[in-house]
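**Q**
4 protein chains.
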Amino acid sequence: MSSSPSTMPRKKASQSRSRATVDALVEATARILVRDGFDRASTNRIAEEAGVSIGSLYQYFPGKEALVAAVLQRHNRDLMDVVRRALAEIAGAPIAVGARRLVAAAIEAHRIDPQLHRVLAEQIPRIGALAEVELFHRDAYRLFRSYLEDHRDELGALDLDMAAFICVTSVEALTHTAVIHRSDLLTGAVTALIEEASRLVTGYLRAP
Amino acid sequence: MSSSPSTMPRKKASQSRSRATVDALVEATARILVRDGFDRASTNRIAEEAGVSIGSLYQYFPGKEALVAAVLQRHNRDLMDVVRRALAEIAGAPIAVGARRLVAAAIEAHRIDPQLHRVLAEQIPRIGALAEVELFHRDAYRLFRSYLEDHRDELGALDLDMAAFICVTSVEALTHTAVIHRSDLLTGAVTALIEEASRLVTGYLRAP
Amino acid sequence: MSSSPSTMPRKKASQSRSRATVDALVEATARILVRDGFDRASTNRIAEEAGVSIGSLYQYFPGKEALVAAVLQRHNRDLMDVVRRALAEIAGAPIAVGARRLVAAAIEAHRIDPQLHRVLAEQIPRIGALAEVELFHRDAYRLFRSYLEDHRDELGALDLDMAAFICVTSVEALTHTAVIHRSDLLTGAVTALIEEASRLVTGYLRAP
Amino acid sequence: MSSSPSTMPRKKASQSRSRATVDALVEATARILVRDGFDRASTNRIAEEAGVSIGSLYQYFPGKEALVAAVLQRHNRDLMDVVRRALAEIAGAPIAVGARRLVAAAIEAHRIDPQLHRVLAEQIPRIGALAEVELFHRDAYRLFRSYLEDHRDELGALDLDMAAFICVTSVEALTHTAVIHRSDLLTGAVTALIEEASRLVTGYLRAP
DNA sequence: CATGAATGAGTATTCATTCAT
DNA sequence: GATGAATGAATACTCATTCAT
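Chains as they are written, first to last, in the working numbering: chain A, 105 to 312; chain B, 105 to 312; chain C, 105 to 312; chain D, 105 to 312.
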C-alpha cells in the first residue's frame, strides 16, 4: 500500500514533458527486463533504451529499484483490472458459475504479458521495496473474500479468511505455473485447466 | 534434470579433506545467504566464511552459481526426503488418509529451514543453472503421480497428469505461502490448514 | 587583489528585485556551507534553499565558485570592519595599549560567525578564485603596517615589513586556533589569551 | 592518535608484493596531489598513476580519504622527525639557543616538500578522518611543552600550557606562511626570519 | 593442492551547467 | 527575466575470476 520513500518517484511529473520522460523510462525498464533480464538492467542501459539521459533518470527515480517497482506496480494493476472486471460481472452469479469465470480471468490476466510476468516472478529479488509484490496477492485475496461474504449462503460453515486464502493461493499458483511452466496445458482448449481448477475450488467451497 | 556442466563440482571430492572443504563451502554459502542475502553473498565472502582461500573455492566450484546451486540441491533433497518418507508410509492407505498425511508432510518439509527456504524462494534469480529449482516441483509431481496410479480405483475418470499438477501445485503453494507469509495460519494447531488443504485435494480427487 | 572575472557577479543587481535574489543566494550558500559542508553545497541545493530557480542562480553568478567567493568576501569584510574599527580607536594610543586592543579585536572578529569561519577555513579549497582568501591577511597586514609606521618612534630599528608580518601572522593564528580548536582557552576570562598574545607582540616590538 | 576505521589500511601488507603496491599507491597519491590537486585526485587516476589496478587500490584502502590520510600521516611524520631531532639536540641548551634552533627546524621541516605541504594545507578538507591533520600541531605542542618543563627555571611564572600554545602556534604559522606565501622572506639569508621569530618567542618566554 | 594478490569491466549515482519554453 | 527539465562527464566502488608463487 505505502511504498517506501526510496521507490517513490521524485517529482510529480505533471507537465507533459516530464510525463513523457517518466513513461519512456518505465517502458524501457519493462522492455529491458524482458529482453535482457533483471541483472543486466542497469540504470545506464535503461536510460539509453529510453532515449533519455542518465541524469534525467535520476531526476525522476531514486534508483533501479524504483524503476522496477514502477513496472511491477503497473503490471499488477493491469492484472488486477482483469480480475476486478470479472468479479464485477459475476457479482450476482452463483459460486459454481463465478469460480469458473474467475479462473478464466486469472488465466487471462497471466496472459497479458507472460514474458514480463515471468521475469517479474523469477528474477526480481523480493527484497527491500520490491517485497511489495505480494500486493497483487493481497488485493486479490481481499476482493475474493468480499465476494465470498456476499455469497455466504451458498457456503457451508467456512472460515472466510481461510477459504479465501485457500482459493486465491491455489488458483494463482495453478494459473501462474500453467502459463509460465506448462504452456502445454493451455494448448487447444484452455477449458481443461479451467474446468479442473474451478472444480477444485467449487468442490472445496460447497463443504459440509 | 541434469545440471549443466558449469554447476557440477569440479572434483569428486572423494578424499576426506576435499570433502570437508566442499562441505564447508556449501554450508558457508547457506549461512551467508540467510544472514546477508543473495546479493551480498560474494565468492570472496563465502570463502572467508568457510575459512578457505578464494583459490580453493574455485578449485571445487566453477563459480558462485554452482555454490548456490549446491545449496539449492541440498535443500531440495532435504525437502524431498520428508515427502518421500511420507509417501512410503501411506502407500497402502486410502487417498482420504494419504492426502492428509501428504499435506502435513509438505508443511513439515517447508519448516526444515524456513529462513533458507525463503531466501532461496525470494532472492535467487531463476536464471541460468539456477532455473533448475522447479526440480523439487517436478520430483514431487512424479512421485505423487505414481501414488495416484496406485490408487486409480479410488479416483474417478481423471487425467492423472492434470490431477497431479493440480494437487502438487496447490499444496506446494499453500504450504509455502503459509510458512513464508502467513505464519499466523500455523500458530496453535496446524490442523486447520492441514484439514482445509486436504479437504481441497480429496474433494477434487473423488471427482465425477 | 582583483577577483578573476569568473567570480564577479554577472549583473550589477541595482534593481531591488535582483538585489534581493542575490542576497538570498549568498545567504543560502552561507547557511548550507555551515549546515551541510562545502562538498554537499551543490548549486541546485543552494538555489532551492534560496527559493530561487537554478536558472536564476546562473543569471547572477557564473557558478558555484562565485557564490562561495561572495560568502568569503562578505565574511572577510565583516572581520575587517571589526579590525578597522579597533585600529581607528587606537590610532593615537601607545603600542602597549594598541596591541591589547588589537588582539581583543581579532578575537572578537573570529567570533562573529565561528561556524562559518570554520567551514571557510577548513573546507574551502584554496584554489582558483578561492585562493583569494589571504585577502583578509593582506588587508590586515597593510593596515597594521601603517599603524606601525605611525608609531615608529616607539619601535626599535625594526624592519616594518617583517614586523607587520610577524605580528599579524602570529595574532591571526593564535586567535583563529583558539576560537576554532581551543575554545577552552576562551572560557571565563578571555583576558588570559589577550594578555599573553599582546605580551608576545609588545615584547617583540619594543626590541633593541 | 586513533585514526577512524575507514582510514585504516585494509590489510597488513606484510608481504613484499603487498608492501610494494601500498607504497606505490601512497606515492602516486602524493604525486597527483601535487600535480593535479585534491579535486582531480580520483581513485581511478591514482591507481593508474601507481601502475596498479583499481581493484588493488580498494584491496588496501577503503577509499580516497584513506589514501590522502596516509600521505598526510607520512608527511607529518617526516616533519615531526625534523622537529624531534632538533629538540634532541637542544635538550640541554638554554632557551635562547633552543628557540633559535627550533625555529630553524620548523623552517627546515616546512621545506621538506613545500609543494605537497601547500596542497595538504590548502586543498584537503578538514573533515571526516582528514580532520586529524592537527595531529602535527598536537604532537609539536606536546613535545615543546615537555621541553619547557625541563627548562622551567629559565622561565617566569608562566602557564606552560598557554606558553606552549602561544609558541607552537605562532612559530608554525610564521614558518608555514613564510614558506608557502612569502618565499621572498626566505631568499638569501634565512637568518632574518629565524632571528625575528626566535626573538618573538624568547622575548615572550623570559617573561614577568 | 593451497594461497591470496591482482585484475578491470561494470554499476550506481552526483552535480555543475545549459537552454527551450 | 524566470523557470526547471535535461544533460552527460566524471567518480567511487564491487566482485567474479585468474594465476604466479
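Heads up, the beta-carbon is just placed ideally off N, CA and C, and yes, glycines get one too.
Does the CB of R230 of chain A have a neighbour CB from chain B at under 8 Å?
**A** Yes, R230 of chain A counts as interfacial toward chain B.
**Q** Please confirm whether A277 of chain A has its beta-carbon closer than 8 Å to some beta-carbon of chain B.
**A** Cβ-Cβ to chain B under 8 Å: yes for A277 of chain A.
**Q** Apart from the five residues on each side of it in sequence, which residues of its chain come closer than 7 Å, Cβ to Cβ, to L183 of chain D?
**A** Contacts found: A213, I216, F240.
**Q** Using beta-carbon positions only, say whether Y164 of chain A and V126 of chain A come within less than 8 Å of one another.
**A** For Y164 of chain A and V126 of chain A, yes; Cβs fall inside 8 Å.
**Q** With D254 of chain A as the anchor, note down where its alpha helix (DSSP H) starts and where it stops.
**A** It spans 239-254 - the alpha helix (DSSP H) in which D254 of chain A sits, taken as one unbroken run.
**Q** How many Å lie between D243 of chain A and C271 of chain A at the Cα?
**A** So the two alpha carbons sit approximately 13 Å from each other.
**Q** Starting from I270 of chain D, find everything on chain C with Cβ-Cβ shorter than 8 Å and list it in chain order.
**A** Neighbours of I270 of chain D on chain C, chain order: L278, E300, A301, L304.
**Q** Once the 5 residues before and after A174 of chain C are set aside, which same chain residues still bring their CB inside 6 Å of it?
**A** The residues are V130.
**Q** Between B:Y308, B:G167, B:A132, which lies nearest to I150 of chain B when the distance is taken from Cα to Cα?
**A** Selected option, being the one with the closest Cα: B:A132.
**Q** Could you check whether G260 of chain A and R310 of chain A sit closer than 8 Å to each other, using their CB atoms as the reference points?
**A** Yes, the Cβ-Cβ distance between R310 of chain A and G260 of chain A is below 8 Å.
**Q** Taking only three categories from DSSP, how would you classify T291 of chain C?
**A** Coil.
**Q** Helix, strand or coil, according to DSSP, for S122 of chain B in the structure here?
**A** If DSSP states are grouped into helix, strand and coil, S122 of chain B belongs with the helices.
**Q** Are any of the Cβ atoms in chain A nearer than 8 Å to that of R286 of chain B?
**A** Interface residue, yes.
**Q** Using the three-state DSSP reduction, which class does I216 of chain C fall into: helix, strand or coil?
**A** Residue state, collapsed to three classes: coil.
**Q** Compute the beta-carbon to beta-carbon distance between E253 of chain D and A210 of chain D, rounded to the nearest angstrom, for a pair I have assumed lies under 8 Å.
**A** E253 of chain D to A210 of chain D, Cβ: 20 Å. No contact.
**Q** Could you tell me the alpha carbon to alpha carbon distance between L171 of chain A and G307 of chain A, rounded to whole angstroms?
**A** Answer to the nearest angstrom: the Cα atoms are 42 Å apart.
**Q** Locate the alpha helix (DSSP H) running through A267 of chain C, then write down its first and last residues.
**A** Here the alpha helix (DSSP H) through A267 of chain C covers 264-285.
**Q** Quick one: any contact between the stretch 135-148 of chain D and the stretch 223-231 of chain D, if contact means 3 or more CB pairs under 8 Å?
**A** In short, these stretches touch, since the Cβ pair count reaches three.
**Q** Mind checking if F142 of chain D is an interface residue toward chain C, Cβ cutoff 8 Å exclusive?
**A** Yes, its Cβ sits closer than 8 Å to a Cβ of chain C.
**Q** Assuming P218 of chain D and V283 of chain D form a contact by the criterion Cβ under 8 Å, report the distance between their Cβ atoms to the nearest whole angstrom.
**A** Going by Cβ atoms, the distance from P218 of chain D to V283 of chain D rounds to 5 Å, so yes, they are a contact pair.
**Q** Please report the straight-line C-alpha distance between T281 of chain C and L290 of chain D, rounded to a whole angstrom.
**A** Distance between the alpha carbons of T281 of chain C and L290 of chain D is about 25 Å.
**Q** Could you tell me which of D:M266, D:D185, D:A190 sits nearest to E300 of chain C, measuring between CA atoms?
**A** Minimum Cα distance to E300 of chain C is reached at D:M266.
**Q** Quick one: give me the first and last residue of the alpha helix (DSSP H) that D257 of chain D is part of.
**A** Counting along the chain, D257 of chain D falls outside any alpha helix (DSSP H), and DSSP gives it neither H nor E.
**Q** Measure the alpha-carbon distance for E207 of chain C versus G155 of chain C and round it to whole angstroms.
**A** Sequence check: residue 207 of chain C is Val here, not Glu. So the two alpha carbons sit approximately 40 Å from each other.
**Q** Quick check: the Cα distance between F269 of chain D and S287 of chain C, rounded to an integer number of angstroms?
**A** Rounded to whole angstroms, F269 of chain D to S287 of chain C spans 13 Å at the Cα level.
**Q** Give the residues from the stretch 238-258 of chain D that approach chain C closer than 7 Å (Cβ to any Cβ), ordered along the chain.
**A** Of all residues in the stretch 238-258 of chain D, E238 have a Cβ within less than 7 Å of some Cβ in chain C.
**Q** Terminal residues of the continuous alpha helix (DSSP H) containing A177 of chain D?
**A** Looking at the sequence shown, residue 177 of chain D is not Ala but Gln. Note, Q177 of chain D: alpha helix (DSSP H), 168-193.
**Q** Quick check: what's the CA-CA separation for A203 of chain C versus A195 of chain C?
**A** Roughly 11 Å between the two C-alpha positions.
**Q** What are the boundary residues of the alpha helix (DSSP H) that includes E236 of chain A?
**A** Taken as a continuous stretch (DSSP letters only), E236 of chain A belongs to no alpha helix (DSSP H), as it is neither H nor E.
**Q** By how many angstroms is the C-alpha of V201 of chain D removed from the C-alpha of R256 of chain D?
**A** Roughly 15 Å between the two C-alpha positions.
**Q** Using beta carbons (cut-off 8 Å, strictly below), is Q219 of chain A in contact with chain B?
**A** It does not; no Cβ of chain B falls within 8 Å.
**Q** Give, in chain order, every unbroken run of the beta strand (DSSP E) that is at least 3 residues long and sits entirely within the stretch 123-166 of chain D.
**A** Those beta strand (DSSP E) runs which fall completely within the stretch 123-166 of chain D and span 3+ residues do not exist here.
**Q** Indicate whether at least one CB of chain C lies closer than 8 Å to the CB of L183 of chain D.
**A** Not one chain C Cβ lies under 8 Å of L183 of chain D.
**Q** My output table needs one value for G196 of chain A: the three-state DSSP class, helix, strand or coil.
**A** G196 of chain A: coil per DSSP, three-state reduction.
**Q** Listing by chain order, which chain C residues have their CB less than 7 Å from the CB of N281 of chain D?
**A** Asn is not the amino acid found at residue 281 of chain D; the sequence shown has Thr there. Ordered by position in chain C, the residues that pass the 7 Å Cβ test against T281 of chain D are T273.
**Q** How would you list, in chain order, the residues of chain D whose beta-carbon sits under 9 Å from the beta-carbon of Q227 of chain C?
**A** The answer, in chain order, is P229, R230, I231.
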